[in-house]
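Number of protein chains: 2
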Amino acid sequence: MIEIKSLPTNCAVRPNEQICSNCGARALSVCGALGDADLARLDGLAERVSLPAGDALTREGDPARYLYNITSGSVRVFKLLADGRRQITGFLFAGDFLGLTAGEAFAFSAEAIEPVTLCRFKRAEYRSLVRESPSLEAALLDRANHELAAAHNQMVLLGRKTAQERIATFLLELPSKDPARPGGENTVRLPMSRSEIADYLGLTIETVSRVLTRLKTQGLLRLASLNEIVVLKPAALRRLAEGDV
Amino acid sequence: MIEIKSLPTNCAVRPNEQICSNCGARALSVCGALGDADLARLDGLAERVSLPAGDALTREGDPARYLYNITSGSVRVFKLLADGRRQITGFLFAGDFLGLTAGEAFAFSAEAIEPVTLCRFKRAEYRSLVRESPSLEAALLDRANHELAAAHNQMVLLGRKTAQERIATFLLELPSKDPARPGGENTVRLPMSRSEIADYLGLTIETVSRVLTRLKTQGLLRLASLNEIVVLKPAALRRLAEGDV
DNA sequence: CGCAGCCTTGACCATTATCAACGCTGGTGG
DNA sequence: CCACCAGCGTTGATAATGGTCAAGGCTGCG
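So the sequences go chain by chain: A and B. Be aware that the first sequence starts at -8, since it is given in our numbering, and climbs by one per residue. Be aware that the second sequence starts at -8, since it is given in our numbering, and climbs by one per residue.
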């Protein structure tokens, strides 16, 4: 049974934002003006799943049988080199999709960071629905293009920014991706460990820790707890992030 | 007037590969099984343009009036930080598209590396054609997903690979993107300067130069000229690229 | 032939990684 | 209820990869 409702008040609220309580189709309803008929049909294919922290959604090289739509929690998406070096290519939160880019096999692994709830679609079924629904396809294209733009920004970060600029950028952008917001306007929730932040930013855990300490010492932020940071001077942090000297 | 023909013999030939001599619509005909009707209509919107080396196709922030389809030559796509640091997010060659990811404004700059010929489409016209042609839209989605996968690989390179691994990866992948092939199987054409290679790989020109010299000294490759490299030991290079210790 | 631009090579330096020790924190079991 | 332990995070000392600065060489063009 499909049911569209507003996001709970502790979530990011953006214009026209709706979430399907069953399959978390926020992404589609946002960017595609998806009709009720499409939403209902999509909903019919969905299968709800819960995963504990640490469990894998996909593994690099596995046949891509399912696509996923995250309903709650957070997920790390990454690729590994032969010797175990890891690059986290993105974090996913409620409303995000996983698997759209996959061909026959996944080119990446994905694991739950926190306990996660999601909707699972058989890839073949999903694809045939997409093929019949132009508005859905347009929405997916739009979404892919946004992800591509984000990927290009991440290349700038990884290729040309200093450690401090990477951390500043990360702290400023994370909240806009994660609809689960803690207390205040400038509070950043960090569901991921230091090691995951490091592997996302192309750094080591020690460097992440040191830079956070330095930013704290400079009065730009406060470490409310290990997993919660309060940005005290957003403007200054933004200047750091962009390398405005 | 539309005319579909095989790629010239000095180009990469892949299964089913065709190129529209007027608009270079290789990409679309390859991945989308685009019908003649769509191709013809696409062709009707195209406007041929030639650019000398160094000229800009787009600038970051400019309104996105046109989309481009490269017919010959090569293009650098990049983003800049405030202080001038540059990250090249990709090189484009014959058959590649530019501007699909753009919203109202370009989020990147693009400049000709060599003299370039291209087809230009008014973005609004192109979009309305896409909206009416499901097969075209599907082809674009497919293409966007491939680019996204490539972007993730580049994140691994930028975030976690050593200078030597980056160069090795670059030399192995470049020929598969560039249909203009020089002499032999293992010859890599480098239309771009050392500075552009550096900005693509997140390195400096000195490091690029030193690593190439080292690989030459180790007998893995030969610098036929400044812009042409012969890979002597592809297998060894591949091992380096993947960090197989 | 000479100049400009790019590339290479060398010497030195700095940022970040590595290695190591310590501390905090949350959970468990005595 | 407290103590201990495991795991993660922080801090410090040292090392190394790659960057910076500088000089010299090659190449193509006027």
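No residue lacks a Cβ here, since even glycine has one placed at the ideal position from N, Cα and C.
| Going by the CB atoms, is the gap between Phe82 (chain B) and Met183 (chain B) shorter than 9 Å? | By 1-based counting over the second sequence, the position of residue 183 (chain B) is 192. By 1-based counting over the second sequence, the position of residue 82 (chain B) is 91. Their beta carbons are under 9 Å apart, which means Met183 (chain B) touches Phe82 (chain B) by this criterion.
| request: Could you pull out every unbroken beta strand (DSSP E) segment of at least 3 residues lying fully inside the region 101 to 183 of chain B, listed in chain order? | output: 107 to 113, 178 to 180
| message | For a contact defined as C-beta to C-beta under 9 Å, what are the partners of Ala171 (chain A) on chain B? | response | Along the first sequence, read from residue 1 onward, the residue named residue 171 (chain A) stands at position 180. Ordered by position in chain B, no residue passes the 9 Å Cβ test against Ala171 (chain A), which lies about 25 Å from the chain.
| query | Any residues in the region 147 to 160 of chain B with a beta carbon nearer than 8 Å to a beta carbon of chain A? Which ones, in chain order? | reply | Val147, Leu149, Gly150, Arg151, Lys152
| field | Enclosing beta strand (DSSP E) for Ile215 (chain B) [first to last residue] | value | Mapped onto the second sequence, residue 215 (chain B) falls at position 224. Reading off the sequence shown, one finds Ala at residue 215 (chain B), where the question assumed Ile. Per DSSP, Ala215 (chain B) belongs to the beta strand (DSSP E) from 212 to 216.
| In chain order, what residues of the same chain lie with their CB nearer than 8 Å to the CB of Thr198 (chain B), ignoring the 5 residues before and after it? | On the second sequence, position 207 is the one that residue 198 (chain B) refers to. The answer, listed in chain order, is Ala154, Ala189.
| task | Determine the contact status of Glu233 (chain B) and Leu72 (chain A), defining contact as a CB-CB distance below 9 Å. | result | Residue mapping note: residue 233 (chain B) aligns to position 242 of the second sequence, counting from 1. Residue mapping note: residue 72 (chain A) aligns to position 81 of the first sequence, counting from 1. Yes, the Cβ-Cβ distance between Glu233 (chain B) and Leu72 (chain A) is below 9 Å.
| field | Inter-stretch contact at 8 Å, needing at least 3 Cβ pairs: the region 56 to 76 of chain B / the region 121 to 132 of chain B | value | no
| So which residues on chain A does Glu138 (chain B) lean against when the C-beta distance must stay under 7 Å? | Along the second sequence, read from residue 1 onward, the residue named residue 138 (chain B) stands at position 147. Near Glu138 (chain B) (Cβ distances below 7 Å), the residues of chain A are Leu139.
| said: Within 9 Å of any Cβ in chain A, is that where the Cβ of Asn144 (chain B) sits? | reply: Walking along the second sequence from the start, residue 144 (chain B) turns up at place 153. Yes, contact with chain A.
| Name the chain A residues that come within less than 7 Å of Thr238 (chain B), Cβ to Cβ? | Because residue 238 (chain B) is not part of the residues shown, which for chain B are -8 to 236, the question remains open.
| task | Going by DSSP, name the residue or residues bridged to Thr80 (chain B). | result | Indexing the second sequence from 1 puts residue 80 (chain B) at position 89. Answer is none; Thr80 (chain B) lacks a bridge partner.
| task | Confirm, please, whether the CB-CB distance from Leu30 (chain A) to Leu58 (chain A) is below 9 Å. | result | As a first step, residue 58 (chain A) must be located in the first sequence, where it is residue number 67. As a first step, residue 30 (chain A) must be located in the first sequence, where it is residue number 39. Result no, Cβ atoms of Leu58 (chain A) and Leu30 (chain A) do not sit closer than 9 Å.
| request: Identify the continuous beta strand (DSSP E) that holds Thr92 (chain A) and give its terminal residues. | output: Counted from its first residue, the first sequence places residue 92 (chain A) at position 101. That residue, Thr92 (chain A), is in no beta strand (DSSP E); it is neither H nor E in DSSP.
| Got a sec? Which residues, its chain only, sit under 7 Å from Lys207 (chain A) by beta carbon, not counting five neighbours each side? | Here residue 207 (chain A) refers to the residue found at position 216 when the first sequence is read from its first residue. Correct list, in chain order: Arg213, Leu214.
| Cβ of Glu233 (chain A) within 9 Å of any chain B Cβ | Along the first sequence, one-based indexing puts residue 233 (chain A) at 242. Yes, contact with chain B.
| Which residues share a DSSP beta bridge with Pro54 (chain A)? | Locating residue 54 (chain A) in the first sequence gives position 63, counting from the first residue. Looking at the DSSP assignment, Pro54 (chain A) forms a beta bridge with A:Ala96.
| If you draw a straight line from the alpha carbon of Thr80 (chain B) to that of Val40 (chain B), how long is it in whole angstroms? | Looking up residue 80 (chain B) in the second sequence gives position 89. Looking up residue 40 (chain B) in the second sequence gives position 49. Thr80 (chain B) and Val40 (chain B): Cα-Cα distance of roughly 23 Å.
| request: Specify the secondary structure class of Leu19 (chain A) as computed by DSSP and reduced to three states. | output: Taking the first sequence and counting its residues from 1, one reaches residue 19 (chain A) at position 28. The predicted model places Leu19 (chain A) with a pLDDT of 43, which falls under 50 and marks its position as unreliable, so this point remains unresolved.
| query | For Leu72 (chain B), which residues in chain A fall below 8 Å Cβ to Cβ? | reply | By 1-based counting over the second sequence, the position of residue 72 (chain B) is 81. Chain A residues near Leu72 (chain B): Val147, Arg151, Lys152, Glu233, Gly234.
| request: Note down, in chain order, every chain A residue with its Cβ under 8 Å from the Cβ of Pro125 (chain B). | output: In the second sequence, the residue the question calls residue 125 (chain B) occupies position 134. Ordered by position in chain A, the residues that pass the 8 Å Cβ test against Pro125 (chain B) are Arg122, Pro125, Glu128.
| query | From Asp46 (chain B) to Gly86 (chain A), what does the alpha carbon distance come to, in whole angstroms? | reply | The count along the second sequence starts at 1 and reaches residue 46 (chain B) at position 55. The count along the first sequence starts at 1 and reaches residue 86 (chain A) at position 95. Roughly 41 Å between the two C-alpha positions.
| query | From the beta carbon of Arg77 (chain B), is the nearest beta carbon of chain A less than 9 Å away? | reply | The residue labelled residue 77 (chain B) in the question sits at position 86 within the second sequence. So, interface residue.
| field | Best match in A:Tyr191, A:Lys224, A:Arg114 for proximity to Leu148 (chain B) [C-alpha to C-alpha] | value | Here residue 148 (chain B) is taken as the residue at index 157 of the second sequence, counted from 1. Ranking A:Tyr191, A:Lys224, A:Arg114 by Cα distance to Leu148 (chain B) puts A:Tyr191 first.
| Regarding Lys70 (chain B) and the ligand FMN, is the C-beta to nearest heavy atom distance less than 8 Å? | In the structure on display, the ligand FMN does not appear, and there are no ligands present to speak of.
| field | Residues that Arg39 (chain A) bridges to, as DSSP identifies them | value | Working through the first sequence from its first residue, we reach residue 39 (chain A) at position 48. Arg39 (chain A) is bridged to A:Cys110.
| query | What number of angstroms, rounded off, separates the C-alpha of Arg172 (chain A) from the C-alpha of Arg77 (chain B)? | reply | Working through the first sequence from its first residue, we reach residue 172 (chain A) at position 181. Working through the second sequence from its first residue, we reach residue 77 (chain B) at position 86. Near 34 Å, if we compare the C-alpha coordinates of Arg77 (chain B) and Arg172 (chain A).
| message | Mapping the DSSP letters down to three states, classify Thr195 (chain A) as helix, strand or coil. | response | For the purposes of this step, residue 195 (chain A) is taken as the residue at position 204 of the first sequence. It is coil, neither helix nor strand.
| query | For Val121 (chain B), which residues of its own chain have a beta-carbon under 7 Å away from its beta-carbon, when the five flanking residues on both sides are left out? | reply | The residue given as residue 121 (chain B) occupies position 130 in the second sequence. So the qualifying residues of the chain are Leu127, Glu128, Leu131.
| request: Please name the residues in the region 187 to 215 of chain B whose beta-carbon is closer than 7 Å to at least one beta-carbon of chain A, in chain order. | output: Gly193
| field | Exposed unless 16 or more other CB atoms sit within 10 angstroms - verdict on Thr49 (chain A) | value | Here the question's residue 49 (chain A) lines up with position 58 in the first sequence. Its Cβ being crowded by 16 or more others within 10 Å, Thr49 (chain A) is buried.
| field | CB-CB length for Leu181 (chain B) against Ala103 (chain B), believed under 8 Å | value | Working through the second sequence from its first residue, we reach residue 181 (chain B) at position 190. Working through the second sequence from its first residue, we reach residue 103 (chain B) at position 112. 16 Å between Cβ atoms; not a contact.
| Cutoff 9 Å: Ala3 (chain B) Cβ touching any chain A Cβ | As a working note, residue 3 (chain B) is residue 12 in the second sequence. Here the model assigns Ala3 (chain B) a pLDDT of 31, short of 50, so the residue's position is not dependable, and the following value carries that caveat. Closer than 9 Å: no.
| task | Helix, strand or coil for Ala47 (chain A), going by three-state DSSP, please let me know. | result | As a first step, residue 47 (chain A) is located in the first sequence; it is residue number 56 there, counting from the start. Here Ala47 (chain A) sits in strand by DSSP.
| Span separating the alpha-carbon of Arg56 (chain B) from that of Glu138 (chain A) | If you number the second sequence from 1, residue 56 (chain B) lands on position 65. If you number the first sequence from 1, residue 138 (chain A) lands on position 147. Whole-angstrom Cα-Cα distance: 21 Å.
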